[in-house]
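S.K.: Heads up: the sequence shown begins at 0 in numbering that gives the first Met the number 0, then just goes up one per residue. Glycine included, C-beta positions come from ideal geometry on N, C-alpha and C. If you scroll down you'll find the structure; I have some questions about it.
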Amino acid sequence: MPWRDKRGRCRNRKSEEGGRTVKLFGTDGIRDLAGKGNLTPENILRIARATAEVLKSSPALFSRLNRTHKRKHPKVLLSLDTRSSGHMIRGSLLAGFLASGIDIIYAGVTPAPTCSFLTRHFGCDCGVFVSASHNPNEYNGIKFFDRDGFKITEKLEQCIEEWFYSSRTPEEGEIGSYKYREDALEIYINAAVEWALKRFDLRGKRIVADCANGAVSYVVPELFNRLGAQVYLLNSNPDGRNINRGGGALLPTKTAKEVLRVAADVGFSFDGDGDRVIAVDEKGNICNGDSFISFYARFLKEQKKLKGNAVVTTVMANYGLERSLKEVDIEMVRTKVGDRYVLEEMLKRNLILGGEQSGHIILLDRTRTGDGIWTALSILEVMHKTNRPLSALNSTIKHYPQILINIPVEQKIPFEELAGFSEHLKEAEAKLKGEGRIVLRYSGTEPLARVMVEGKSKRLVKAVAEETANSLKCALKRFQRRN
Numbered sequence: 000m001p002w003r004d005k006r007g008r009c010r011n012r013k014s015e016e017g018g019r020t021v022k023l024f025g026t027d028g029i030r031d032l033a034g035k036g037n038l039t040p041e042n043i044l045r046i047a048r049a050t051a052e053v054l055k056s057s058p059a060l061f062s063r064l065n066r067t068h069k070r071k072h073p074k075v076l077l078s079l080d081t082r083s084s085g086h087m088i089r090g091s092l093l094a095g096f097l098a099s100g101i102d103i104i105y106a107g108v109t110p111a112p113t114c115s116f117l118t119r120h121f122g123c124d125c126g127v128f129v130s131a132s133h134n135p136n137e138y139n140g141i142k143f144f145d146r147d148g149f150k151i152t153e154k155l156e157q158c159i160e161e162w163f164y165s166s167r168t169p170e171e172g173e174i175g176s177y178k179y180r181e182d183a184l185e186i187y188i189n190a191a192v193e194w195a196l197k198r199f200d201l202r203g204k205r206i207v208a209d210c211a212n213g214a215v216s217y218v219v220p221e222l223f224n225r226l227g228a229q230v231y232l233l234n235s236n237p238d239g240r241n242i243n244r245g246g247g248a249l250l251p252t253k254t255a256k257e258v259l260r261v262a263a264d265v266g267f268s269f270d271g272d273g274d275r276v277i278a279v280d281e282k283g284n285i286c287n288g289d290s291f292i293s294f295y296a297r298f299l300k301e302q303k304k305l306k307g308n309a310v311v312t313t314v315m316a317n318y319g320l321e322r323s324l325k326e327v328d329i330e331m332v333r334t335k336v337g338d339r340y341v342l343e344e345m346l347k348r349n350l351i352l353g354g355e356q357s358g359h360i361i362l363l364d365r366t367r368t369g370d371g372i373w374t375a376l377s378i379l380e381v382m383h384k385t386n387r388p389l390s391a392l393n394s395t396i397k398h399y400p401q402i403l404i405n406i407p408v409e410q411k412i413p414f415e416e417l418a419g420f421s422e423h424l425k426e427a428e429a430k431l432k433g434e435g436r437i438v439l440r441y442s443g444t445e446p447l448a449r450v451m452v453e454g455k456s457k458r459l460v461k462a463v464a465e466e467t468a469n470s471l472k473c474a475l476k477r478f479q480r481r482n
């Protein structure tokens, strides 16, 4: 249940260390160990109640495009990934929404971007997706989409959070209705097939696909087979416990080995909820999000379809991408890490291409969120229309040496509060001699600090990254001893 003070009043919870506020929402929805913390059945039910009450009282907040519907029974699209814990969360969400008078369309197991697509397709007011994305199976989470298919805004998250932590009780009323659409996933696949067949077919092509034992396991075989390809599947047998285990977008080397073994034309490594993909060319080379943005931006510009002659990416994007785009006079805009910030900048500037190095790609002319399936189809489109293998497209970018070190943390202490660390940071940056950069941030979904160092010399980058990571570890330990 929400945290309450001694008088029984609901309050934002405070962590035991440092009195910092514990938020319900992170950088990508709500996430926790399944059945614990924010994801106990009681808390999940109240999350549904809070969302329902905000939806009924403030429907305008559920549209970035100012499309509002005030109806007696708002409609919510619900789907989930392949984690076994998803059914517990689904049950609590259903109880909360239905008791609040919300009509539910249940789409079953789908990728996350399919939830976004179906929310629009069925004219729902909100989409709710149960997943912890690329995290291990013991985690789960809840993502929300507005009626336009976009992830909800921070303002809306705050409204849901405030209601969740308040002492308010929901209004009594009629129970909502429930409908299971068994054809939901087929509707999404049909739309993808229809789009692709107008542009290319895959007859004679060999494709390797690592489905991360996630929901794309139920999409990829039918999609690529209907387009004529011969498909070689990896990690495509979900059992409720093996999502993201030993493969997928976080471990594309397995796909690379299989591409070489079967002499495939291309390989795709999806993550558990299907919102990102890492490609592999026919030579076994990795093609990440930076590589895709490099060649796809050029392709769109040649087709006179690159709106604003600009793309959006994050501070983690490789400097090689910036140089690649400069060569063809395309502007690159950087944001904080997170696809929500990429999306906001794209909407602000009316751009259609943006994404992250991790493989989250937003194609606003056809999707409203990162979608690994549509990114893969876009790669295949460029290969077909240019008659070039992915290795040739991948060569448009020369990656600068870049090292990312993850440091487990108990608390996410602001870096500027760590005594002595800022001095080390200045010394480390000086070693790069103006030809590199250091990016520090905390993960929004895991208890990790991330140290990224980039520069011209691989040896120097490695040394600076290790020194900075060690210095950060020491600074965190000193802080914990004092507090």
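1) With a threshold of 7 Å on Cβ separation, who are the neighbours of residue 120 within its own chain once the five nearest residues in sequence on each side are excluded?
2) With a threshold of 16 other CB atoms inside 10 Å of the CB of residue 20, please say whether the residue is buried or exposed.
3) Does DSSP put residue 154 in a helix, a strand or coil?
4) Comparing alpha-carbon positions, which option in 96, 353, 302, 431 lies nearest residue 313?
5) Would you grab the beta carbon distance between residue 126 and residue 118 for me? Rounded to a whole angstrom, and I think it's under 8 Å.
6) For residue 280, which beta-bridge partners are listed by DSSP?
7) Taking its Cβ as the centre, do 16 or more other Cβ atoms sit within 10 Å of residue 401, making it buried, or is it exposed?
8) CB-CB under 6 Å to residue 47, same chain, minus the five flanking residues each way: which ones, in chain order?
9) Residue 317 and residue 399: beta carbons closer than 9 Å?
10) Between which residues of its own chain and residue 206 is the CB-CB distance below 8 Å, once the five residues before and five after are set aside?
11) Pick out whichever of 424, 362, 220, 112 has its Cα sitting closest to the Cα of residue 77.
12) Quick one, which of 391, 361, 357 has its alpha-carbon nearest residue 310's?
13) Going by the CB atoms, is the gap between residue 175 and residue 99 shorter than 9 Å?
14) Between residue 472 and the rest of its own chain, which residues show a CB-CB distance below 8 Å, the 5 nearest in sequence each way excluded?
15) So what's residue 359 in DSSP terms, helix, strand or just coil?
16) Shortest alpha-carbon distance to residue 114 belongs to which of 296, 383, 141, 234?
17) I need the DSSP call for residue 177, collapsed to helix, strand or coil.
18) Tell me, please, whether the stretch 381 to 399 touches the stretch 317 to 327 by the rule of three or more beta-carbon pairs shorter than 8 Å.
19) Contact check, residue 292 vs residue 248 under 8 Å by CB: the rounded distance?
20) With 16 as the cutoff for other CB atoms within 10 Å, does residue 179 come out buried or exposed?
21) Hey, residue 274 and residue 338: beta-carbon distance below 9 Å or not?
22) Would you kindly work out how many angstroms separate the C-alpha atoms of residue 377 and residue 163, rounded to a whole number?
23) How is the beta strand (DSSP E) around residue 249 delimited, first residue to last?
24) So if DSSP puts residue 126 in a beta bridge, which residue, or which two residues, is it bridged to?
25) Using only CA atoms, which one of 233, 161, 380 lies nearest to residue 253?
26) Going by the beta-carbon positions, is the gap between residue 404 and residue 465 smaller than 9 Å?
27) Using three-state DSSP, classify residue 84 as helix, strand or coil.
28) Tell me whether the beta-carbon of residue 208 lies closer than 9 Å to the beta-carbon of residue 243.
29) Taking DSSP as the reference, what is the three-state secondary structure of residue 437?
30) If you draw a straight line from the alpha carbon of residue 36 to that of residue 477, how long is it in whole angstroms?
31) First and last residue of the beta strand (DSSP E) that includes residue 208?
32) What residue from 26, 50, 226 has the CA that sits closest to residue 167's CA?
33) Report yes if the C-beta distance between residue 148 and residue 74 is below 9 Å; otherwise report no.
34) By Cβ distance below 6 Å, which residues in the same chain neighbour residue 355 in space, the five residues on each side in sequence not counted?
35) Which residues does DSSP list as the beta-bridge partners of residue 31?
36) What number of angstroms, rounded off, separates the C-alpha of residue 416 from the C-alpha of residue 218?
M.R.: With the given structure in hand:
1) As a working mapping, residue 120 is identified with position 121 in the sequence shown. Closer than 7 Å at Cβ, skipping near neighbours: 186.
2) As a first step, residue 20 must be located in the sequence shown, where it is residue number 21. Interpretation of residue 20 is limited by its pLDDT of 49, a score under 50 that renders its predicted location unreliable; the figure taken from the coordinates is listed afterwards. The residue in question, residue 20, is exposed, as its Cβ has fewer than 16 Cβ neighbours within 10 Å.
3) On the sequence shown, residue 154 is found 155 positions in, with the first residue counted as 1. Helix.
4) Position 314 of the sequence shown holds residue 313. If we check each option's Cα against that of residue 313, 353 comes out closest.
5) Taking the sequence shown and counting its residues from 1, one reaches residue 126 at position 127. Taking the sequence shown and counting its residues from 1, one reaches residue 118 at position 119. Confirmed, about 3 Å.
6) Within the sequence shown, the letter at position 281 stands for residue 280. Per DSSP, none; premise fails for residue 280.
7) In the sequence shown, the residue the question calls residue 401 occupies position 402. Flag for residue 401 reads buried.
8) Translated into the one-based positions of the sequence shown, residue 47 becomes position 48. The residues are 92, 95, 96.
9) Within the sequence shown, the letter at position 318 stands for residue 317. Within the sequence shown, the letter at position 400 stands for residue 399. Taking 9 Å as the Cβ cut-off, residue 317 and residue 399 qualify as a contacting pair.
10) Here the question's residue 206 lines up with position 207 in the sequence shown. The answer, listed in chain order, is 223, 228, 229, 230, 231, 263, 264, 265, 266, 267.
11) Position 78 of the sequence shown, counting from 1, holds the residue named residue 77. It is 112.
12) Translated into the one-based positions of the sequence shown, residue 310 becomes position 311. Among 391, 361, 357, the Cα nearest to that of residue 310 is on 361.
13) Working through the sequence shown from its first residue, we reach residue 99 at position 100. Working through the sequence shown from its first residue, we reach residue 175 at position 176. For residue 99 and residue 175, yes; Cβs fall inside 9 Å.
14) Taking the sequence shown and counting its residues from 1, the one referred to as residue 472 is at position 473. Closer than 8 Å at Cβ, skipping near neighbours: 406.
15) Taking the sequence shown and counting its residues from 1, one reaches residue 359 at position 360. Here residue 359 sits in strand by DSSP.
16) Translated into the one-based positions of the sequence shown, residue 114 becomes position 115. It is 141.
17) By one-based count along the sequence shown, residue 177 stands at place 178. Strand at residue 177.
18) yes
19) In the sequence shown, the residue the question calls residue 292 occupies position 293. In the sequence shown, the residue the question calls residue 248 occupies position 249. In fact, because the Cβ distance is near 16 Å, the residues do not count as touching under 8 Å.
20) The residue labelled residue 179 in the question sits at position 180 within the sequence shown. Residue 179 is exposed by the Cβ-count criterion.
21) Here residue 274 refers to the residue found at position 275 of the sequence shown. Here residue 338 refers to the residue found at position 339 of the sequence shown. Going by C-beta atoms, residue 274 is nearer than 9 Å to residue 338.
22) Residue numbering aside, residue 377 sits at position 378 when the sequence shown is read from its first letter. Residue numbering aside, residue 163 sits at position 164 when the sequence shown is read from its first letter. So the two alpha carbons sit approximately 40 Å from each other.
23) As a position in the sequence shown, residue 249 is number 250, starting the count at 1. Unbroken run through residue 249: none, as it is neither H nor E.
24) To locate residue 126, count along the sequence shown from 1; it is residue 127. DSSP lists 76, 144 as partners of residue 126.
25) On the sequence shown, residue 253 is found 254 positions in, with the first residue counted as 1. Comparing Cα positions, the closest option is 233.
26) One-based indexing of the sequence shown puts residue 404 at position 405. One-based indexing of the sequence shown puts residue 465 at position 466. Yes, these two residues count as a Cβ contact at 9 Å.
27) To locate residue 84, count along the sequence shown from 1; it is residue 85. Note: residue 84 maps to coil in three-state DSSP.
28) For the purposes of this step, residue 208 is taken as the residue at position 209 of the sequence shown. For the purposes of this step, residue 243 is taken as the residue at position 244 of the sequence shown. No, the Cβ-Cβ distance between residue 208 and residue 243 is not below 9 Å.
29) In the sequence shown, the residue the question calls residue 437 occupies position 438. Note: residue 437 maps to strand in three-state DSSP.
30) For the purposes of this step, residue 36 is taken as the residue at position 37 of the sequence shown. For the purposes of this step, residue 477 is taken as the residue at position 478 of the sequence shown. Distance between the alpha carbons of residue 36 and residue 477 is about 28 Å.
31) On the sequence shown, residue 208 is found 209 positions in, with the first residue counted as 1. Its beta strand (DSSP E) spans residues 205 to 209.
32) Numbered from 1 along the sequence shown, position 168 holds the residue referred to as residue 167. Cα-wise, what sits closest to residue 167 is 50.
33) For the purposes of this step, residue 148 is taken as the residue at position 149 of the sequence shown. For the purposes of this step, residue 74 is taken as the residue at position 75 of the sequence shown. Not a contact, by the Cβ cut-off of 9 Å.
34) One-based indexing of the sequence shown puts residue 355 at position 356. So the list reads 288, 313, once near-sequence residues are dropped.
35) Position 32 of the sequence shown, counted from the start, is the residue given in the question as residue 31. Per DSSP, 139.
36) As a first step, residue 416 must be located in the sequence shown, where it is residue number 417. As a first step, residue 218 must be located in the sequence shown, where it is residue number 219. So the alpha carbons of these two residues sit roughly 47 Å apart.
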